[in-house]
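Heads up: the structure comes next, in structure tokens.
2 protein chains.
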Amino acid sequence: MSSVDAGDGTAGPAVVDLLGVLAYAELTAFDRLAEDARLAPTLAGRAALARMAAAEIGHHQRLCDRLGELGLDPAAAMAPFTGPLDAFHDGTRASTWLEGLVKAYVGDGLARDFYREVAAFLPDPDRGLVLDVLAETGYADFAVREVRAAIAADRRLSGRLALWARRLVGEALTQSQAVIADRDDLADLLITGTGDLNGVADLLQRLMDAHGDRMRALGLNP
Amino acid sequence: MSSVDAGDGTAGPAVVDLLGVLAYAELTAFDRLAEDARLAPTLAGRAALARMAAAEIGHHQRLCDRLGELGLDPAAAMAPFTGPLDAFHDGTRASTWLEGLVKAYVGDGLARDFYREVAAFLPDPDRGLVLDVLAETGYADFAVREVRAAIAADRRLSGRLALWARRLVGEALTQSQAVIADRDDLADLLITGTGDLNGVADLLQRLMDAHGDRMRALGLNP
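Chains as they are written, first to last, in the numbering used here: chain A, 1 to 222; chain B, 1001 to 1222.
See below:
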């Protein structure tokens, strides 16, 4: 038995963990996008965010359906992750429309990259499913356009939003470490999947490089 | 030229008003369901409400697409109705999970019946579109089940929720009167569609009968 295979061809504990954490992440993404939609300065912006929230709930549903197929209770699979994910969101509640956009683009981008790296270690069909629900929902272009336009109109926003992004990354690292420390199978998967601790270091470097690209796309100093 | 036909086969002002008010109603329904989802006592209940919110945003999109087809700006068509609808929701913000369910079932049920009556006076394709987006999204059964179970567990809830429902109806009437007083074309459509003031009285009676049925379905005194 391994972390990705229970020994009889069924999903191992790390697969269940990944499906569970993602299912809850999609549910909280829905919540946050729906909340941030209310901060939108226009009806069109509000509807755009609401549509993205709706897409997340579609992904949540697919992950829950898969957990059900595996004979598992989706709520039980999500339960270990509600604490850390709620703590992340409570600790980084956007107070303006632009903070919400930066959080969704930079924070979700980082999480998405991480989950995608882990998914590469999974057998199909779960690898395919995870990569599929991680596909972009049109948010990125929208966020980049809005944030760049706002910074062009008021240069002082750039420093303030860069600081906000650094706080997001700090809080995300804190909560990820808490999850990994608590879920041995996920930690195993990460080490055996990447090969060794050097492999983990390379993975972190790739995540940080992509994060820097996103910051620059917004016009922010990484 | 009439309120439903601009004289050249294109949609008249009452049709545009109805599409506009419904488009904004769906956007606020999304907001409210997303907000109430956070009051859910279980992850399954929270996901159920989030899915219903997602369905509303799909309806909103279809109405905006139709307004676009008619050469209109959806935001402009919604604008006259944001004040009254926001006032309704601000004045009836649910403070518990059960209040949210009663509001969605009783309040939306009443609104849905009213829009359905008005849609009957429209030419196709708008009549078909409106009836389509007014179709149930699975909310009713869910709300009835949850509220009945809660009342069975605590009889005192029945009186409190009935009072809450009466407050909802009162606030809905106040805001509808404000809309009708302000939108001559909608008022015209209502009078000419029903035939005369007796026809309007009959329409109101049908709305009140259906409202009573919904209250009884929840186990509440109308």
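Where is the CB? At the ideal position from N, CA and C, for every residue including glycine.
Asked, Found
"Within 10 angstroms of the Cβ of threonine 174 (chain A), are there 16 or more other Cβ atoms? Answer buried if so, exposed if not.", "exposed"
"Which chain A residues are close to histidine 1060 (chain B), counting only those with a beta carbon under 7 Å from its beta carbon?", "Ala47"
"Which runs of the alpha helix (DSSP H), 4 residues or longer, sit entirely within the region 1116-1172 of chain B?", "1126-1133, 1139-1153"
"Could you give the distance in angstroms between the alpha-carbon of arginine 1046 (chain B) and the alpha-carbon of arginine 1038 (chain B)?", "6 Å"
"Is the distance from the Cβ of alanine 165 (chain A) to the Cβ of valine 118 (chain A) below 9 Å?", "no"
"So which of A:Leu67, A:Thr42, A:Tyr24 has the shortest CA-CA distance to aspartate 126 (chain A)?", "A:Leu67"
"If you check the beta carbons only, do valine 1130 (chain B) and leucine 1033 (chain B) fall under 9 Å apart?", "no"
"Quick check on DSSP: helix, strand or coil for serine 1176 (chain B)?", "helix"
"Can you say whether isoleucine 151 (chain A) is buried or exposed, counting buried as having 16 or more other CB atoms within 10 angstroms of its CB?", "buried"
"Short of 8 Å in beta carbon distance, which residues of its chain neighbour leucine 157 (chain A), apart from the five on each side in sequence? Order them along the chain.", "Leu98, Ala150, Ile151"
"Taking CB distances under 9 Å as the criterion, tell me whether aspartate 31 (chain A) reaches chain B.", "yes"
"For the region 65-85 of chain A, list every residue whose C-beta sits within 7 Å of some C-beta in chain B, in sequence order.", "Ala75, Met78"
"For chain A, check one thing: does any of its Cβ atoms lie closer than 9 Å to the Cβ of alanine 1037 (chain B)?", "yes"
"Sorted by chain position, which residues of the same chain lie with C-beta nearer than 8 Å to leucine 207 (chain A)'s C-beta, five sequence neighbours on each side aside?", "Leu110, Asp113, Phe114, Glu117"
"If we ignore side chains and look at the alpha-carbon of each, how far apart do valine 1016 (chain B) and leucine 43 (chain A) end up?", "17 Å"
"Going along the chain, which residues of its own chain have a beta-carbon closer than 7 Å to the beta-carbon of aspartate 213 (chain A), five neighbours each way excluded?", "none"
"CB alanine 1050 (chain B) to CB leucine 134 (chain A), shorter than 9 Å?", "no"
"Return the chain-ordered list of same chain residues with a C-beta closer than 7 Å to the C-beta of alanine 1087 (chain B), the five sequence neighbours on each side being excluded.", "Gln1175"
"Using a 10 Å radius around the Cβ and a threshold of 16 neighbouring Cβ atoms, would you call glutamine 61 (chain A) buried or exposed?", "buried"
"Quick check on the burial criterion: 16 or more other C-beta atoms within 10 angstroms. Buried or exposed for glycine 1100 (chain B)?", "buried"
"Tell me the DSSP secondary structure of proline 13 (chain A) in three-state form.", "helix"
"Would you mind telling me which residues of chain A sit closer than 8 Å to threonine 1042 (chain B), beta carbon to beta carbon, in chain order?", "Ala75"
"Compare the Cα-Cα distances from aspartate 182 (chain A) to each of A:Ala48, A:Pro84, A:Arg155, A:Ala29 and report the closest residue.", "A:Pro84"
"In whole angstroms, what is the alpha-carbon distance linking glycine 1159 (chain B) and leucine 1218 (chain B)?", "12 Å"
"Report the rounded CA-to-CA distance for aspartate 1154 (chain B) versus phenylalanine 1081 (chain B), giving the unit in angstroms.", "38 Å"
"Where do the N-terminal and C-terminal ends of the alpha helix (DSSP H) with leucine 1049 (chain B) fall, by residue?", "1043-1069"
"For aspartate 86 (chain A), does the three-state DSSP call read helix, strand or coil?", "helix"
"Would alanine 54 (chain A) count as contacting chain B if we go by Cβ distances under 9 Å?", "yes"
"Hey, leucine 1063 (chain B) and leucine 1022 (chain B) are a contact pair by Cβ (cut 8 Å); roughly how many whole angstroms apart?", "6 Å"
"Specify, as a first and last residue, the run of the alpha helix (DSSP H) that glycine 193 (chain A) falls within.", "184-194"
"Apply the 10 Å Cβ neighbour rule to glycine 193 (chain A) and answer buried if 16 or more other Cβ atoms are within range, or exposed otherwise.", "buried"
"Got a sec: is the Cβ-Cβ distance from isoleucine 191 (chain A) to anything in chain B below 9 Å?", "no"
"Can a CB atom of chain B be found closer than 9 Å to the CB of tyrosine 139 (chain A)?", "no"
"Could you check if isoleucine 180 (chain A) is buried or exposed, using at least 16 other CB atoms within 10 Å of its CB as the buried criterion?", "exposed"
"Under three-state DSSP, which class holds asparagine 1221 (chain B)?", "coil"
"Using a beta-carbon distance below 9 Å, is arginine 93 (chain A) in contact with chain B?", "no"
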